[in-house]
Amino acid sequence: MKNVLITGTNGMIGQLILELCLQRTDVATVTSITRKPLSIVHPKLQELIHNDFMDLDPVRDHFSNQDLCFYCIGVYTGTVSREEFRKITVDYTRVFAETLKQMSPKVVFCFLSGQGADRTENSKLMFAQDKGIAENILQQLAFKQLIIFRPGYIYPVTPRKEPNFFYRLSRFLYKPFLSKLYPNIGLTSLQLARAMVKLGWEGATQQVYENREIRQVAMSD
């Protein structure tokens, strides 16, 4: 039986991971740390509403005795300022991961990164640079196991409001055209969530999974 910690559960992938974890019979507890209340009620779910991810002291005790963590906090490029993007992508990750490592040193950490993450930290693309910095921070913390997921375009399996025109266009084109012409360009949100849960539970043979590898894991059941 595992104790699972998830953050980003109001987001597309975090919500699916939460649902998949709650369906498992080998889950003891699922702790969700989120800014907004969830619409899910379950006897194994402990929901923590917390607004300041730079100060986790009020919820620190809930980071103890965790076996598996899914970190799914993220923000779309162009929706916030450069400073806020760095804060959410890098600083939130650092504070959260350092707290978790201190309280649950044997935890397995699954990190939702992104295609093109640059660990040299030299990329001129904000997304690639900041995701690379975040990955390096996690690597230095030396978790029991760190599993990094770098999906490309994520096709939502459930209706949602797209953040901008690019995502609206991508959603329109992905199923009939893009997924057939360029199969490694993306994957569905459910494929990503299933792969993350599968590898989190069973363990991974490598640290970083790119888009094609994530799809292969998701389709291996």
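So in numbering that gives the first Met the number 0, spot 104 of the sequence shown is number 103, and the numbers just go up one at a time.
Positions of the beta carbon are idealized from the N, C-alpha and C atoms, including for glycine.
On a predicted model such as this, the values are computed, not experimentally measured, just so you know.
Using the Cβ count rule (16 or more neighbours within 10 Å means buried), how would you classify residue i?
i, result
"S63", "exposed"
"E82", "exposed"
"G13", "buried"
"V40", "exposed"
"M195", "buried"
"G185", "buried"
"T8", "buried"
"R59", "exposed"
"F171", "A caution first: F171 carries a pLDDT of 49, below 50, which makes its placement in the model unreliable, though a value can still be read off. F171 comes out exposed."
Taking the continuous beta strand (DSSP E) assigned at residue i, which residues delimit it?
i, result
"C109", "107-111"
"L67", "67-70"
"G115", "Note, G115: premise wrong, no beta strand (DSSP E); not H, not E."
"A141", "From DSSP, A141 is part of no beta strand (DSSP E); its letter is neither H nor E."
"Q45", "44-48"
"G199", "Unbroken run through G199 is the alpha helix (DSSP H), 188-201; no beta strand (DSSP E)."
"V29", "26-33"
Give the straight-line distance between the Cα atoms of residue i and residue j, rounded to the nearest whole angstrom.
i, j, result
"W200", "L67", "8 Å"
"I153", "L140", "28 Å"
"I136", "R93", "7 Å"
"G151", "V26", "29 Å"
"P57", "T88", "21 Å"
"L15", "G113", "17 Å"
"T6", "L55", "12 Å"
"N2", "I213", "24 Å"
"F108", "L21", "18 Å"
"K100", "P155", "32 Å"
"N121", "H61", "36 Å"
"M0", "G115", "35 Å"
"Y181", "M102", "At Y181 the pLDDT is 49, less than 50, meaning the model places this residue with poor confidence and gives no usable figure here."
"T28", "P42", "9 Å"
"L198", "K123", "31 Å"
By Cβ distance, which residues of its chain are closer than 8 Å to residue i, with the 5 residues on each side in sequence left out?
i, result
"G222", "Outside the shown range of the chain (0 to 220) lies residue 222, about which nothing can therefore be said."
"F110", "Y70, T92, A133, E134, L137, L145, I146, I147, F148"
"M53", "K86, D90, Y91, V94"
"D129", "F84, R85, T88, V89"
Which two residues bound the contiguous alpha helix (DSSP H) that contains residue i?
i, result
"R81", "81-85"
"T98", "91-102"
"E212", "210-217"
Here's a check: name, in chain order, each residue in its chain whose Cβ is nearer than 6 Å to the Cβ of residue i, leaving out the five neighbours to either side.
i, result
"P175", "Note that P175 scores 49 on pLDDT, short of 50, meaning its location in the model is unreliable and no value can be drawn from it."
"R34", "N50"
"A96", "L137, L140"
Using a Cβ-Cβ cut-off of 7 Å (strictly less than) and excluding sequence neighbours within five positions of residue i, which residues of its own chain qualify?
i, result
"R118", "G131, E134, N135"
"V106", "Q65, D66, L67, C68, L99, F142, K143"
"A127", "G115, A116, D117"
CB of residue i to nearest heavy atom of the ligand GDP: below 8 Å?
i, result
"C71", "Ligands in the displayed structure: none, and consequently the ligand GDP is not present."
If I'm right that residue i touches residue j with Cβ under 8 Å, what's the distance once you round it to whole angstroms?
i, j, result
"T157", "M125", "Contact doesn't hold; Cβ gap of about 28 Å is too wide."
"Q45", "T24", "Actually they are not in contact, since the Cβ atoms of Q45 and T24 sit about 18 Å apart, beyond 8 Å."
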